[in-house]
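*Asks:* Counting from 25, one number per residue, gives the positions in the sequence shown under the numbering used here. Glycine included, each C-beta is placed from N, C-alpha and C at the ideal position. Pasting a structure here, questions to come.
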Amino acid sequence: MTVATGIGSLPGEDYREAVKQVLGELPDLPHVPELPARGAIASMTGRTLAVVEGLDADLQPAGWRLTGTSGAPALDHRRARSLLAQDLDAVEELTQGYEGPFKLQVAGPWTLSATVERPRGDRVLADHGARRELAQALAEGVSAHVQDVRRRLPGAGRLIVQVDEPALPAVLGGKVPTASGYGRHRSVEPPEASQALAWVLDAVADAGAEPWVHSCAPGTPLDLLLGAGARGLSVDLGVLDATGTDHLAEALEAEPEVTVALGVVPSLPPDEPPTDKAVTERVLRWLDMVGLAPEEVGDRLVVAPACGLAGASPGWAREAMRLAGVVAANLG
């Protein structure tokens with residue numbers, strides 16, 4: 025059976041209401057919501073730094089910066105960890121009695137390296153040793169995070185960890201700007217990119233969860249993600265090129281099984297909101313193009329918004345989730 029899920033982020037600041045919306049609109053594969061409107065400690069980066077083990081960080085005017093391994097996190101880092109714990113408390117309370125799959129999200133090692141600064145400034149990406157250390161600290165922290173969430177959600181037999189890597193194409197292409205803005209960081213070679221990602225994905229799998237990777241950025245190398253150990257790919261259908269389409273089709277036919285979360289619902293409200301019939305037909309056309317039928321892919325195909333919904337209005341965010349659910353039901 026095809027199901028629907030969300031990417032992660034939602035608008036607003038009322039966390040309990042966000043959890044209720046996700047459980048109501050996406051009952052077959054709900055996720056831990058992210059509400060970045062609450063500030064930097066609730067952003068994708070701040071939330072993931074709250075998970076990282078053994079490295080401290082603080083918030084600077086330019087964003088998050090690592091401060092070392094003093095064991096005494098700065099105030100904003102402590103606040104990020106506290107907020108994550110409070111959010112998980114809310115998820116635990118509101119999912120009492122829930123049985124079924126559940127998804128949570130963290131930023132990937134390359135997106136972290138491209139957004140977090142070293143203690144002496146500029147991105148972690150600039151320092152080979154620093155980005156290696158950050159990736160390994162993330163892997164260690166994700167393992168503990170999975171165990172914590174599993175304890176809170178005992179009915180979630182299938183726990184999915186979506187690793188968000190929107191910056192990966194820019195990292196590989198040498199397009200991440202330096203702190204001055206006048207230059208670009210050197211590109212990272214695919215073997216190194218794959219290794220760091222594999223540390224995190226392996227940690228997810230070793231903790232008993234299913235590792236997915238999400239990116240709605242054009243040019244994301246899906247073959248690299250699969251080679252690093254991704255058991256799920258979450259992509260925006262609208263930015264797929266021919267190579268990406270081929271890799272997705274191969275993933276849907278692969279053994280062992282790989283899940284594809286196809287982003288087909290607009291993440292921002294279009295001038296003319298699509299009907300569930302139009303979105304369903306779009307998915308069917310894509311499946312026909314790659315030579316697959318809905319009954320062949322079954323629950324290996326998931327319907328989702330194209331990207332996170334943080335920039336949407338509350339009304340469209342709810343409608344996007346509802347629409348994804350109806351399209352999944354149409355596909356059977």
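#1: What whole-angstrom Cβ distance do methionine 345 and glutamine 45 have, given they're in contact under 8 angstroms?
#2: Can the beta-carbon of alanine 348 be found closer than 8 angstroms to that of leucine 316?
#3: Count the other CB atoms, across all protein chains shown, that sit within 10 Å of the CB of methionine 25; report buried if there are 16 or more and exposed otherwise.
#4: Tell me whether glycine 6 sits in a helix, a strand or coil according to DSSP, three-state version.
#5: Just checking my contact of glycine 232 with aspartate 260 at CB under 8 angstroms: how many whole Å lie between their CB atoms?
#6: On the CB-based measure, 16 or more other CB atoms within 10 Å of its CB, does threonine 3 come out buried or exposed?
#7: Would you list the one or two residues that DSSP bridges to glutamine 186?
#8: What are the boundary residues of the beta strand (DSSP E) that includes alanine 285?
#9: Where does arginine 210 fall in DSSP's three states?
#10: Between the beta-carbon of alanine 328 and the beta-carbon of glycine 32, is there less than 8 angstroms?
#11: Out of Pro245, Asp82, Val289, Asp312, state which residue places its alpha-carbon closest to the alpha-carbon of lysine 301.
#12: Please go through the same chain and pick out, in chain order, the residues whose beta-carbon is closer than 7 angstroms to the beta-carbon of leucine 83, but skip the five residues on each side of it.
#13: Is the distance from the Cβ of valine 280 to the Cβ of leucine 221 below 8 angstroms?
#14: Distance check for alanine 154 and alanine 81, CA to CA, integer angstroms please.
#15: Confirm, please, whether the CB-CB distance from leucine 90 to glutamate 141 is below 8 angstroms.
#16: Using C-beta distances below 8 angstroms, list every residue in its chain close to arginine 147, excluding the 5 sequence neighbours before and after it, in chain order.
#17: Less than 8 angstroms between the beta carbons of serine 218 and histidine 238, yes or no?
#18: Once you ignore the five residues that flank proline 125 on each side, which residues in its own chain have a CB closer than 6 angstroms to its CB?
#19: Which full runs of the alpha helix (DSSP H) of 4+ residues lie inside the segment 87-156, going along the chain?
#20: Can you grab the Cα-Cα spacing for the pair serine 167 / valine 187, in whole Å?
#21: Whose CA, out of Leu79, Gln120, Ala98, Arg103, lies closest to the CA of glycine 92?
#22: Within 10 angstroms of the Cβ of methionine 68, are there 16 or more other Cβ atoms? Answer buried if so, exposed if not.
#23: On a CA-only basis, which of Ala61, Leu162, Arg175, Gly70 is nearest aspartate 113? Give me that one, please.
#24: Given this structure, state the Cα-to-Cα distance separating alanine 66 from histidine 55, to the nearest angstrom.
#25: Spatial neighbours of alanine 229 within its chain, please: CB distance less than 8 angstroms, with the 5 preceding and 5 following residues excluded, ordered by chain position.
#26: Is it buried or exposed, proline 242, if we count other Cβ atoms within 10 angstroms and call 16 or more buried?
#27: What are the start and end residues of the beta strand (DSSP E) that includes aspartate 260?
#28: Taking Cβ to Cβ, would you say valine 303 is nearer than 8 angstroms to alanine 28?
#29: By DSSP, does leucine 83 sit in helix, in strand, or in coil?
*Replies:* In short:
#1: At roughly 7 angstroms, the Cβ-Cβ gap stays under 8 angstroms, so methionine 345 and glutamine 45 are in contact.
#2: Going by C-beta atoms, alanine 348 is not nearer than 8 angstroms to leucine 316.
#3: Of the residues assessed, methionine 25 falls on the exposed side of the cut-off, its CB having fewer than 16 other CB atoms within 10 angstroms.
#4: No answer is possible for residue 6: the residues shown for the chain start at 25 and end at 356.
#5: Not confirmed; about 29 angstroms, so no contact.
#6: This structure does not reach residue 3, given that the chain is present from 25 up to 356, and the question cannot be answered.
#7: For glutamine 186, DSSP records a beta bridge to Gln129, Trp236.
#8: Taken as a continuous stretch (DSSP letters only), the beta strand (DSSP E) holding alanine 285 covers 283-289.
#9: DSSP places arginine 210 in coil when its eight states are reduced to three.
#10: Not closer than 8 angstroms, so no.
#11: Selected option, being the one with the closest Cα: Val289.
#12: Same-chain partners within the cutoff: Ala64, Asp100.
#13: Checking the displayed sequence, the identity of residue 280 turns out to be proline instead of valine. No, they are not a contact pair.
#14: Rounded to whole angstroms, the separation of the alpha carbons of alanine 154 and alanine 81 is 13 angstroms.
#15: Taking 8 angstroms as the Cβ cut-off, glutamate 141 and leucine 90 qualify as a contacting pair.
#16: For arginine 147, where only same-chain residues beyond five positions count, the Cβ hits under 8 angstroms are Ser137, Ala138, Thr139, Val140, Glu141, Val200, Thr202, Ala203, His209.
#17: For the 8 angstroms CB-CB criterion, serine 218 and histidine 238 do not form a contact.
#18: Within the same chain, proline 125 has close Cβ partners Leu53, Arg182.
#19: Correct list: 99-118, 133-139.
#20: For serine 167 and valine 187, the distance between alpha carbons rounds to 13 angstroms.
#21: Among Leu79, Gln120, Ala98, Arg103, the Cα nearest to that of glycine 92 belongs to Leu79.
#22: Buried, since its Cβ has 16 or more Cβ neighbours within 10 Å.
#23: Nearest C-alpha to aspartate 113: Arg175.
#24: Using only the alpha carbons, I get a separation of about 16 angstroms.
#25: Closer than 8 angstroms at the Cβ level, and outside the excluded window around alanine 229, lie Pro235, Gly253, Arg255.
#26: Result: exposed.
#27: Residues 256-260.
#28: Cβ distance not < 8 angstroms, so valine 303 and alanine 28 don't count as in contact.
#29: Three-state DSSP puts leucine 83 in a strand.
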